[in-house]
Amino acid sequence: MQGLNQKLGTTFLISSHDPDVIQAAGRLIKLADGRVVNADQPQSSQPVSITSACPMQNLPLRERLRGFFRKKNNRATKKRQRPIGRRRS
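Here is the structure:
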């Protein structure tokens, strides 16, 4: 791919968690919850950590729980709520 990039000027967009693939990249964009949290060039001298861009313990509690509540409030997972009391005929 690097040869094709240099020869043709073609850009490749690859999504990977593989450290070897990440080290070969010319540019690294880290995402968290679908948002860009860091854009940089990978440094071969440092080990690659996918979570280093946005460690959970550094996020506010609201952000840490956002995914949990998003799943809880999803229509597909909601149970039908029924009123308490006698049923009207």
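For the sequence shown, counting from 1, position 80 maps to 80 in the working numbering; every step adds exactly one. Ideal Cβ positions, reconstructed from N, Cα and C, are used throughout, including at glycine.
### Message
Here's a check: name, in chain order, each residue in its chain whose Cβ is nearer than 8 Å to the Cβ of S16, leaving out the five neighbours to either side.
### Response
Here the set comprises I22.
### Query
Which whole-angstrom value is the C-beta distance of L28 and P42, which I expect to be below 8 Å?
With 8 Å as the limit, L28 and P42 qualify as a contact, their Cβ atoms being about 5 Å apart.
### Query
For the alpha helix (DSSP H) that contains L28, what are its first and last residues?
Where L28 is concerned, there is no enclosing alpha helix (DSSP H), although the beta strand (DSSP E) it sits in stretches over 28 to 32.
### The alpha helix (DSSP H) enclosing A24, as first and last residue numbers
Where A24 is concerned, the enclosing alpha helix (DSSP H) starts and stops at 19 to 24.
### Task
Would you mind working out which of P19, G26, D18 sits nearest Q6, comparing C-alpha positions?
Closest by alpha carbon: G26.
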